[in-house]
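Following: one structure in structure tokens, then a few remarks.
Number of protein chains: 2
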Amino acid sequence: MGGAAAPRPNKRVTINDVARTAGVSTTAVSKVLNNAYGVSPRMQEKVRAAIAELGYRPHAAARGMRGRTYTIGVLLDNVRNAFFADILDGIREELSSTEYTVLIGAAGFEPDQQSRVIRSMVDRQMDGLILIAPGTPRPEVLATAASTPTVVIGHHDSADTHDSVADADDIGAGLVVDHLVGLGHRDIALVSAPGSKAAQWRRTPEIVLTDGYTEAMRRHGLEQHLQVHHAAYSDEGGFKAGLTLLTAERRPTAIMTGADVAALGIYRAAHELALRIPEDVSLVGYNNTALAALAPVQLTSVDQAGPDMGSAAARMLIERVEGRRDRAQRTTMTPRLVQRASTAAPRGR
Amino acid sequence: MGGAAAPRPNKRVTINDVARTAGVSTTAVSKVLNNAYGVSPRMQEKVRAAIAELGYRPHAAARGMRGRTYTIGVLLDNVRNAFFADILDGIREELSSTEYTVLIGAAGFEPDQQSRVIRSMVDRQMDGLILIAPGTPRPEVLATAASTPTVVIGHHDSADTHDSVADADDIGAGLVVDHLVGLGHRDIALVSAPGSKAAQWRRTPEIVLTDGYTEAMRRHGLEQHLQVHHAAYSDEGGFKAGLTLLTAERRPTAIMTGADVAALGIYRAAHELALRIPEDVSLVGYNNTALAALAPVQLTSVDQAGPDMGSAAARMLIERVEGRRDRAQRTTMTPRLVQRASTAAPRGR
DNA sequence: GGGGTTTTGTGAAACGTTCCCCATAAGCGA
DNA sequence: TCGCTTATGGGGAACGTTTCACAAAACCCC
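One line per chain: the protein sequences are A and B, in this order.
Each step along the first sequence adds one to the number in my numbering, with nothing skipped, and position 133 is 190.
Each step along the second sequence adds one to the number in my numbering, with nothing skipped, and position 232 is 289.
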């Protein structure tokens, strides 16, 4: 048979094999891999050659036992929200040139399930976490952030343990109200997500959005026209909200929502009630997802620059992971109104 | 200060701590954790109590060095395809009651990127992989499957190293053609994805769909009306295809597509050309995603039971991971036509 | 009660990395 | 040439788990 030193056939090639082939120590190989200090060009070359020859790939689990795993975890509730896809694009783009791998946990809407996924990620020694609008209780997120670099996207609560990226939803709401008032509307209803009661976040996007709406309406002297309706950000949630609002005694002439998908549900409700948009009711979405642009919907919406949020989050996270910064940081994006065909002057004007 | 045995403050609690607390060996704890053979009820109880008391959680990376990681990786190209979300729901549902965690890799459309993500998952010692319509060259997938249990969703090529779940796309195409012919159409065009040339898959969903279409048209004696157009399964891809087809000299009276999202692109093109659907052109999607049902689109589509495909894939994968089966298996789903408002008899009839 | 089998438990060796600490070599100023 | 600093490389101990091999105890059937 072959010599004892011959690599066994179906065995994974390890750092030891590389070291043996290159005729150096495993320490040296490790140093090259992590381009650490104290490695001569000649050594570099020898090791790289051996790596290429053997097709060596570092064993992530083994790495996880000591140092980094080069894995970034992204938590989101559901994959259907097109806005999250925009954020993901930004994250991927930012990280595509690095060695890090992005893995996504789709946890569903239940806070328990989300906690479970977050714990899983921590157990897997991920180097950093990006949590998109987590429904998990805030203390839990803070505890996680204390041990693993974390960026929270969406919530406006800031903390000194994690970084944050958020959209100025209050300004966004203001843009919408201004636009609608400019068209002549006064009865402007807001459909927003129900506040996640027990989670102890005080400045969720919904809350900030509602505040912005309230403030803007007040600014225009329309405080007695305030009307806030809570609904899940889904087609079904929007549909129900739409039926309620549009059959109410005092029907709003315009409805603004916190998510495009909910706006589409309202669209469906209007359709069912034989109300035309924008002739009978103006409708505004939020997030400017691909849905909003889709013919024949053509939904006026608010653009949040999802990809930019994603890449900002990724950039901040890597800074933390690599220890280049240790103070919490917060990035706020400025929203922009995208006017399409779902808004017009109210009829009776 | 305190005794040497006191657990250090900021240290992760390990299996050793549990063993010490319970007064047993680490082996015993490990056995309890993996409910292996040879552990008395009394032992069970002691160990579980210690685990609960200390709040112990197994270190996934350490597990990865020896045995399982209890992680299932799902590869998909992009998160925006609502059909994938359906599949994911099925996977999550099937696995929710188990100890496994599902992590998603969104790799983009580039085969290189997809390969990279697959390798990452293997490096991370994932217990099993579900690949949704991978664009990676087939030999690479086979090589991966040889070492890690793998289920391929979508492609009809079967192999003895991996399990497969697919939809009978040929039958689906037949259903659509039958439906359209029944309404009186003869000029029925198909918009399908361009074949991924170099990847060496011979029976991708596109190919099977096209075959089914061709066969069905032939069955109705319409071979000279065959018209296949290739376009990316995206809004933009559909839009371009729509412009081309609908401005052609011999305009089809019906267009069927391989994906709802492409159908919506065609819808947009029709809109732009001032053609009404279904009055001027009938339109059929595929996959019956949430998009198809969205008002005011109401797209006739083909339901593929995405959640069922996902749960079947997950079930098969776990069987393999846990070694309960070692022969490759293949599950084929039967599609169902969902008739909505986008199809009608052609005008000139 | 003697031989067997089965059950229950343990010690210790992996698994593939990283990184602390040390040894040696090389460079350099006097 | 001496003593010092700096650059380069290696030995070997972790990291937290699983599992192999084995020992001890318990049971069982004549």
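Even glycine gets a Cβ: it sits at the ideal position worked out from N, Cα and C.
Opening and closing residue of the beta strand (DSSP E) in which residue i lies
i, result
"Val469(A)", "Residue 469(A) cannot be examined here, being either before or after the span of chain A that is shown, 58 to 406."
"Leu160(A)", "Thr158 to Ala163"
"Met390(A)", "Arg387 to Met390"
"Ile129(A)", "Thr128 to Leu133"
"Ser399(A)", "Looking at the DSSP string, Ser399(A) is not in any beta strand (DSSP E), and its letter there is neither H nor E."
"Thr207(A)", "Thr207 to Ile210"
"Ser172(A)", "Counting along the chain, Ser172(A) falls outside any beta strand (DSSP E), though it belongs to the alpha helix (DSSP H) covering Pro168 to Asp180."
"Val238(A)", "Unbroken run through Val238(A) is the alpha helix (DSSP H), Asp226 to Leu240; no beta strand (DSSP E)."
"Val359(A)", "Ser358 to Asp360"
Sub-7 Å separation of residue i and residue j beta-carbons
i, j, result
"Ala273(B)", "Gly231(B)", "yes"
"Ser368(B)", "Glu150(B)", "yes"
"Pro194(A)", "Ala256(A)", "yes"
"Met390(A)", "Met366(A)", "yes"
"Ala371(A)", "Leu152(A)", "yes"
"Gly130(B)", "Leu186(B)", "yes"
"Gly147(A)", "Pro392(A)", "no"
"Thr158(A)", "Ile175(A)", "no"
"Val233(A)", "His277(A)", "no"
"Gln355(B)", "Ala398(B)", "yes"
"Val236(A)", "Leu340(A)", "Here residue 236(A) is His; the residue named in the question, Val, does not match the sequence. Not closer than 7 Å, so no."
"Ala246(B)", "Gln284(B)", "yes"
"Phe141(A)", "Thr346(A)", "no"
"Val86(A)", "Val96(A)", "no"
"Gly299(B)", "Asp317(B)", "no"
"Arg114(B)", "Asp180(A)", "yes"
"Val265(A)", "Asp220(A)", "no"
Beta-carbon neighbours of residue i, restricted to chain A and to distances below 8 Å
i, result
"Ala139(B)", "Arg137"
"Ile161(B)", "Val136, Leu160, Ile161, Gly162 and Ala163"
"Thr126(B)", "Ala118 and Arg181"
Residues bridged to residue i [DSSP beta-bridge criterion]
i, result
"Ala316(B)", "Answer is none; Ala316(B) lacks a bridge partner."
"Ala246(A)", "Ile312(A)"
"Ile189(B)", "Ile210(B)"
"Val222(A)", "Ile210(A) and Thr388(A)"
"His287(A)", "Ser249(A)"
"Ser339(B)", "Ala311(B)"
"Asn91(B)", "In the DSSP output, where bridge partners are listed per residue, Asn91(B) has none listed."
"Gly344(B)", "For the sequence presented, residue 344(B) should be read as Asn rather than Gly. The partner list for Asn344(B) (beta bridge, DSSP) reads Asp360(B)."
Chain A within 7 Å of residue i, Cβ atoms only
i, result
"Val96(B)", "no"
"Thr25(B)", "The requested residue 25(B) is not part of the displayed model; chain B covers only 58 to 406."
"Ala61(B)", "Residue confidence for Ala61(B) is low, a pLDDT of 34 falling below 50, so the modelled location carries little weight; the figure read from the coordinates is stated next. Ala61(B) does not count as touching chain A."
"Ala319(B)", "no"
Contact with chain B by residue i, beta-carbon distance below 7 Å
i, result
"Ile187(A)", "no"
"Arg397(A)", "no"
"Ser411(A)", "Absent from the structure is residue 411(A), since the part of chain A shown begins at 58 and ends at 406."
"Ser339(A)", "no"
"Leu145(A)", "yes"
"Ala349(A)", "no"
Limits of the alpha helix (DSSP H) - the one that residue i falls within
i, result
"Asp214(B)", "Unbroken run through Asp214(B): none, as it is neither H nor E."
"Leu432(A)", "There is no way to answer for residue 432(A), as the model of chain A reaches only from 58 to 406."
"Val75(A)", "Ile72 to Ala79"
"Lys297(A)", "Asp292 to Leu303"
"Arg120(A)", "Ala117 to Arg123"
"Arg381(A)", "From DSSP, Arg381(A) is part of no alpha helix (DSSP H); its letter is neither H nor E."
"Met100(A)", "Pro98 to Leu111"
"Arg280(B)", "The sequence given here places Glu at residue 280(B); Arg does not occur at that position. Unbroken run through Glu280(B): none, as it is neither H nor E."
"Ser204(A)", "Arg195 to Ser204"
Residue i: contacting residues in chain A (beta-carbon distance under 7 Å)
i, result
"Leu300(B)", "Under the 7 Å cutoff, chain A gives no residues; its nearest Cβ is about 13 Å from Leu300(B)."
"His116(B)", "Asp180"
"Asp360(B)", "Chain A residues near Asp360(B): none, gap ~17 Å exceeds 7 Å."
Contact list for residue i against chain A, beta-carbon separation under 9 Å
i, result
"Met122(B)", "His116, Ala118, Ala119, Gly121 and Met122"
"Asp74(B)", "The premise fails here: Asp74(B) is roughly 16 Å from chain A at the closest Cβ pair, so nothing lies under 9 Å."
"Asp220(B)", "The contacting residues do not exist; Asp220(B) stays about 21 Å from chain A at best."
Partner residues on chain B for residue i, Cβ-Cβ distance less than 7 Å
i, result
"Ser177(A)", "Thr158"
"Arg308(A)", "Correct list: empty, because the minimum Cβ distance to chain B is about 19 Å."
"Thr71(A)", "Those within 7 Å of Thr71(A) in chain B number zero; the least Cβ separation is about 12 Å."
Within chain B, partners of residue i - CB distance below 8 Å
i, result
"Arg149(A)", "Ala163 and Gly165"
"Ala492(A)", "With chain A covering only 58 through 406, there is no way to say anything about residue 492(A)."
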